[in-house]
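The following block contains the structure:
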């Protein structure tokens, strides 16, 4: 067992070193170092993969005698990792890496010049490789199962379909109703917000949520993200727009939510492959819980709005609470996913989920994708992208070969409400505490029920234990109906 | 050959990733992550060591057929690396790492409390391990040869002894003469120097020297250093004292000098173990050349002093050139090595070199070290440390197990003058160019003669080819006699 632990700790160290190389690339790396950095990341990831799939690892796993429950979980989880990692031939991994490398550049160019044809042949290749990848990984019902399982272990396509289809049927009419209601103005959050003040205000709130800067830090990057190099080193990045309050502030809360998850993992798992989020959906549930369920709710701003008014007197000084609160909760269908509000966001995801399945099943040819995209966008959200740059070309994911990733965003939204409701039941004065800027009890509840487990429990198990039920869209729909029914009078 | 190259490139990538982990530790890492970071660095260094000494590497080296001169050099240099790395049993490496880990903490405490007894048993252990290390590595004449060779390949103890003894005999009287002369005041460089202005001024000059920020960057750290993750990513750090001009400015020039060396390595060596400085002495010659031979000479300040007066009007506005120039060149024996001026610095090194040999040979017992230190300090520099914190406990090196390292500082000083003289011969209007802030031709000369080679040529070979002679103290002594004879009238 000790040899196994040592070996797995070395693999984890390699992956975390690769993560630091990537963090550095997005934050401080000089621009001329991109090529050598790409080689270094590839080397470390390959070495980690080789060590994981080596005969010695397999033998150690076979003969390991667990000393504890953690050991037993470690053996179980890593056996699965090894099985998956062994199934895909390294020639296919290399082919996918090469295709992604070429495709990313083509996508960037296609998006800049608004010319889908530049990206189309690459996307066809990516889809073809994804199908082969799925065949190599194996699946029960449909190749898409294998792709989804990479990001949301144990979740099947049919499960997601059944949850999403109910959601879509309910959500499209809600969006339509809101579109026809008197719109809420969001002009208040557009104005002058000095960068340093935004930086400090966001980070102060993140710390009050419980984000620990002795074991984390915040830096600037073009695309915000969170990353962990150990349980004791969990970092976030933020992008600040001096003319727009939302991206900096809610982005910080979102990334801090991710970071709180990783900082809350049982220290006994440090250095092991169990010290990670259990799935992307569960990870997203934590970022969304803090960003939206806390950060966009009324009690939160009862505490923080007076502070925000002091920090941003020019923008908020003369604005009453209700106008501000409506401004951060305005719903307006937009063609762009990353700019979407709480209500419409899931429709963006479901659109991608459907199209991904259609592409993998060969039901949609690449060349027809832009039209399909725009048609569904119009049917669901009532708007038609003016061009492919704000349509099918807007996201980087497919160009990197990540098919099966998008659904986890919506799963995270749904889980965030299920978990928040369970926390509210367990902590009857949660709103009261939130309105006083006190988050210790909520964080403790999340640590106990979600964070501490790392990968020892699956997302399904965590959800069931914490909420008493499996994944469901109903709680999220009820939350939306209540919150936005109040705001939009329906 | 291709398999060998790939394998060596992976080893290099691992070492460079470890270097990034270390850089991050000194610049941005949150304080609570020290323990996991130490484990990660150790993992990557061990993996690199294992890959280097693996049978497969040995076989590849044995059967490699070089396609080029670079390949031939690669095989030759790496064979030596493997031989050395294989000689030391991993049990001894582990023992040394453990001793260093314990010793560093003891040294810190000893230094803080000014109590040598806390450090003494650890130092005894370090010395004992260094002897065993030397025995494992093997040597011709004396165990110290093996220790020195780790940092200055090919240099022997007797070579260094012969160069240093001549140097000491000449230098001690010079220091005495200067100590008895009318002192130069350095009060001018003590004053108010705003941090941001220092930062920008130092970095501007470094860039004008040729330091390329597309392939480098500057950050803050407690102890300044330079480090490279590839030829295209060579970074420096700086520490700025708002009340003292020298550490920030000359520290930046020093580190930029190191960085220019690594940025100037032949791009064809990228990713290979040849893409590194050839020895610590040669590396130090580059930092010292820019810091002292250029950065403390008269033509340099003819160009930059007017700029410095504009940047620091409060401190330099009313100060004439000559007073400033004397202020940055004032000689004053100090007990502290890192605060030493150009003239006395080498005596600090020679003191350590002698004591190291005495310890390794068992001629000095650890308990007698403080007295020996203070006695020689008094004899050579005319001052006696008031306590061990500013005496034998001042440097971190021994606590880390680095014995044989110190001499390279003085070797760098000597080489810097030899190389500068050769460059001056080749570029008759070097002073003129310096006085115009133009360094392209000097940098080109250094790249051609020193930088480009990486580890393809030894320090000895570079010195011989570039200057026509081997290591010698005479040029340095002549430089000191001339420059400080002028300043101190002797």
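Chains as they are written, first to last, in this note's numbering: chain A, 1 to 490; chain B, 1001 to 1490. Beta carbons: idealized from backbone N, C-alpha and C, even for Gly.
From the beta-carbon of residue 33(A), the residues of chain B found nearer than 8 Å are 1215, 1229, 1230, 1232 and 1233. Residue 1285(B) sits in a helix when the DSSP states are folded into three classes. Following the DSSP letters along the chain, one finds residue 1349(B) inside the alpha helix (DSSP H) bounded by residues 1345-1360.
The stretch 1433-1448 of chain B makes no contact with the stretch 1368-1385 of chain B: fewer than 3 CB pairs, one atom from each, lie closer than 8 Å. Residue-level contact check: residue 1221(B) does not touch chain A, since none of the beta carbons of chain A fall below 8 Å from its beta carbon. Measuring C-alpha to C-alpha distances from residue 1462(B) to each of 1471(B), 1049(B), 1472(B) and 1450(B) identifies 1450(B) as the nearest. DSSP places residue 237(A) in no alpha helix (DSSP H) but in the uninterrupted beta strand (DSSP E) bounded by 233-238. Proximity of residue 16(A) to chain B, defined by a Cβ-Cβ separation below 8 Å, is satisfied. Counting the other CB atoms within 10 Å of its CB gives residue 125(A) a total of 16 or more, which places it among the buried residues.
For residue 276(A), not one C-beta of chain B is nearer than 8 Å to its own C-beta.
Residue 1327(B) sits in a helix when the DSSP states are folded into three classes. For residue 1098(B), no chain A residue has a Cβ inside 8 Å of its Cβ, as the nearest lies near 16 Å away. The straight-line gap separating the alpha-carbon atoms of residue 1467(B) and residue 1420(B) is approximately 9 Å. The Cβ of residue 1013(B) sits closer than 8 Å to at least one Cβ of chain A. Residue contact check for residue 43(A) against chain B: a CB pair falls below 8 Å. Under a 10 Å Cβ-count criterion, residue 336(A) is classified as exposed, with fewer than 16 other Cβ atoms of the shown protein chains found around its own Cβ. Residue 271(A) and residue 1091(B) have their C-alpha atoms spaced approximately 23 Å apart. For residue 56(A), there are no C-beta contacts with chain B under 7 Å, since the nearest C-beta of that chain is about 13 Å from it.
Taking each of 1359(B), 1301(B) and 1452(B) in turn and checking the Cα distance to residue 1433(B), the smallest one comes out for 1301(B). In terms of beta-carbon proximity, residue 26(A) stays away from the interface with chain B, with every pair separated by 8 Å or more.
Cβ atoms of residue 22(A) and residue 41(A) come within 8 Å of each other, at about 6 Å. Following the DSSP letters along the chain, one finds residue 1149(B) inside the alpha helix (DSSP H) bounded by residues 1143-1151. In the three-state DSSP reduction, residue 319(A) falls in the coil class, being neither helix nor strand.
The beta carbon of residue 30(A) sits closer than 8 Å to some beta carbon of chain B.
Using a CB distance cut-off of 8 Å, residue 1047(B) counts as an interface residue toward chain A. Between residue 28(A) and residue 1217(B) the beta-carbon gap is near 6 Å, inside 8 Å, which marks them as a contact. Residue 1247(B) is a Cβ neighbour of residue 1239(B), given a cutoff of 8 Å. When 1065(B), 1016(B), 1047(B) and 1018(B) are compared, the shortest CA-CA separation from residue 1005(B) is found for 1065(B). In this structure, residue 1114(B) sits away from residue 1374(B), with a CB-CB distance that is not shorter than 8 Å. Residue 1394(B) carries a coil assignment under DSSP once its states are collapsed to helix, strand and coil.
Per DSSP, the continuous beta strand (DSSP E) segment holding residue 227(A) begins and ends at 226-230. The residues 145, in chain order, have a CB closer than 6 Å to that of residue 156(A) in the same chain once the five nearest residues on each side in sequence are set aside. Neighbours of residue 36(A) in chain B, taken as residues whose beta carbon is under 9 Å from its own, are 1013, 1016, 1229, 1230, 1231, 1232, 1233, 1270 and 1271 in chain order.
Residue 244(A) carries a strand assignment under DSSP once its states are collapsed to helix, strand and coil.
Taken through DSSP and simplified to helix, strand or coil, residue 220(A) comes out as strand. Between residue 1404(B) and residue 213(A), the alpha-carbon positions lie close to 39 Å from each other.
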